[in-house]
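Single-structure report; data block below.
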Amino acid sequence: MTAPTDDRSGRAAPKTGAAGLTPAERIRRRSEYLRVYESGRKVHGRFMTLFVLPRTSAPSRLGIAATRKLGGAVSRNLARRRVREIFRSHRPLTPVDLVVVPKREFFDASFESLVHDFTKTLARTSRGRMQDSYGDRT
RNA sequence: GCAGCGGGUCAGACGAUCGCCGGUUCGGCCGGGUCGCCGGGCAGGUGGCAACACCGGCCGGGCGAAACCCGCCGGGCGGGAGGAAAGUCCGAACUCCGUAGGGCAGUGUGCCGGGUAACACCCGGGCGGGGCAACCCGACGGACAGUGGCACAGAAAACAUACCGCCGGUGGACUCGCCCUCCGGACGUCGGGCUGCCGACAUGGGGUCGGGAGUAUUUUCGUUCUUUGCAGCAGCCGUACGCAGAACGCGAAAAUACUCCCGACCCCGUAUCGGCGUCCCGACACCCGGAGGGCGAGUCAACCGGUAAGGGUGAAAAGGUGCGGUAAGAGCGCACCGCGCUCCCGGUAACGGGGGUGGCAGGCAAAACCCCACACGGAGCAAGACCAAAUAGGGAGGCGCUCGAGGGCGGCCCGUCCGAAGCCUCCGGGUAGGUUGCUUGAGGCCCGCAGCAAUGCGAGGCCCUAGAGGAAUGAUCGUCGGAUCGCGGCGUCAGCCGGUCGCCGCGGUUCACAGAAUUCGGCUUAUGAUCCGCUGCUGUC
RNA sequence: UGGGAGGUCGUUCAACGGUAGGACACGUGGCUCUGGACCACGGUAUCGGGGUUCGAAUCCCUGCCUCCCAG
0 MTAPTDDRSG RAAPKTGAAG LTPAERIRRR SEYLRVYESG RKVHGRFMTL FVLPRTSAPS
60 RLGIAATRKL GGAVSRNLAR RRVREIFRSH RPLTPVDLVV VPKREFFDAS FESLVHDFTK
120 TLARTSRGRM QDSYGDRT
């Protein structure tokens, strides 16, 4: 009877040490967003655009920019929820600051293809980021 | 069945897995605060000759924690978007600022009564308008308080005059008719008969000239089916084609003769019509022109007066229709309708009904400026309140200015280096940041009472009640449900067919508008489904 | 959240309540050997819906959109 709880906590703990998205795991201030936009790496996916900036400390942070071009409040909330769900289930391996900008085609896509697009795009960013960091060290 | 009108309700349901927000509770970590104990360092105060003792303070360290607060981790429990949360178009609560009182400006409202904390909202009523009706809509005060506007057209677009027109009058010009006077001219007009003259036209006979057509003869020219000759081929023949001449035939021109037709002129005869003259008979009339005068009528322009019936226009032009009346007309008079004033009755009132009376005021537009009445101080939860780093600056006190404050190295002292007019402490304002404001409220439903109702009252009952702080309710599935489309089947309206509608099965598609951001009351806009009542039309029984 | 300004040819600007007008652009023709420039002619529009008015781009109401400002 204690097995399910152990299983659940054991699943959540190794990934982030916390369940869900706490304020520490979100990008909240405009200055932080601007820092990611300025010095981060920008990669376009099919349904979204990612801005990635590597971090030194542990938790990866997520920011979502759902602009008014996407539609009304209901549509933008839906986009935010889906992006959060994808981030929750497919966290990046190395700690980063990540800003996701959904495109308008976001709503035409199914959830599975969104996940696929996210992981593929994120893989491209990490490859480019590692090369950059090597260059910096040498 | 179709079309429509009014009102109400719901906002797909259930389950599985993975998740979100804040609340509460339990456990864990003492991680921080806090507290306790231990020991260390620093400087100080009091007592003492001194050793030293006591007192509180600062700095960092170790160990521990029953309770409290915060943080992190894990679990339990219960809660978690709307009818519009939207637009931000009104009204309020709340907060700060301003404010003696009042006014101006500005904004808004604008039939009456009621409701409400308030409103531009709601209810009831009145009036006006739309609709066959159910029912719906209405910024619905004032235009002799003032200013301004009304394009084009039209006489005129606004204190009502002026233009045309109509009517009457005055004097004038012209025309016509009648009468009178004078002068001049002329004997009239119509019909019938007899007779003469002139003219026009038709017809018959004869003659002359001209033109046209036909036939015959002759001449000339052209043509060549035919015929003759030449020529024709590597050579012969000689066909066709070619060249030249020619007869018949055909065509054209000219001349002559005959026949027929047409036209012109001349001569003779006959018939008809028109005009004029003389004479006779019958009937009807007294004539014509000019000048002057008088009377009457008409036309023209002018002036004076009456009139507002009429005047193409225009969106709109000083009551409407009818009869009478008049020089022409006119509320000039009358009837009905409209309007104003007044009286009575009903109603709290808006207003309605009835009587009398005035002969009629007065265009439209105030969603032009404006006037009148009433209401409103301004800003907004990013309001505001509290706590409060760093940096800069303000105030107070202390220390220091070469006799060295302070800082770096270091655990401390010594030492050494830097070092020059500042430095330290406290206080207050206040930024970042945090806490709060913050969600239970002018709350809903039922019942009772008051009221037509909106609504109010009830120490009657029941129930709800997100409070985040870049923003939470979701994602992926399954089952069921709703809607719609297609196919098939059954039923339905007297019978058959079609169509409509309903039910069942299968398959497909689809399930709206839309997310709290201080909170309420309204309005407006977007939108899916369903129920109830009502109206009109149509079909069948 | 609050406040303000504005929607007129394809573009940019006009228009006391009375016919929507320029400039650039576009089309056709002319000029030129051709193109450009130039000349002539032409088409094209009041953000949507309702109301006031005889009549609305203009006035009023209501939606939609754009821009600006404050913290």
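Residue numbering for the first sequence follows numbering that gives the first Met the number 0, starting at 0 and increasing by one per position. Glycine included, each C-beta is placed from N, C-alpha and C at the ideal position. Fair warning: this is a prediction, and the values are worked out from it, not measured in the lab.
6 Å Cβ shell around residue i - same chain, five flanking residues per side excluded
| i | result |
| --- | --- |
| Phe179 | Examination of residue 179 is not possible in this model, given that the chain is present from 0 through 137 alone. |
| Gly44 | Asp116, Thr120 |
| Val35 | Phe50, Leu52, Asp96, Val98 |
Beta-ladder partner(s) of residue i, from DSSP
| i | result |
| --- | --- |
| Phe50 | Lys41, Val98 |
7 Å Cβ shell around residue i - same chain, five flanking residues per side excluded
| i | result |
| --- | --- |
| Val95 | Val51, Leu52, Pro53, Arg54, Ser59 |
| His89 | Val114, Phe117, Thr118 |
heavy atom of the ligand FMN below 6 Å from residue i C-beta
| i | result |
| --- | --- |
| Leu97 | Here there are no bound small molecules, and the ligand FMN is not part of this structure. |
Closest by C-alpha distance to residue i, when choosing among the options
| i | options | result |
| --- | --- | --- |
| Ala65 | Phe106, Arg90, Val42 | Phe106 |
| Leu113 | Val100, Leu49, Val82, Val73 | Val82 |
| Pro91 | Glu111, Arg123, Pro101 | Arg123 |
Chain-order list of residues whose beta-carbon lies under 8 Å from that of residue i (same chain, five-residue window excluded)
| i | result |
| --- | --- |
| Ala78 | Ile63, Ala65, Leu69, Pro101, Phe105, Phe106 |
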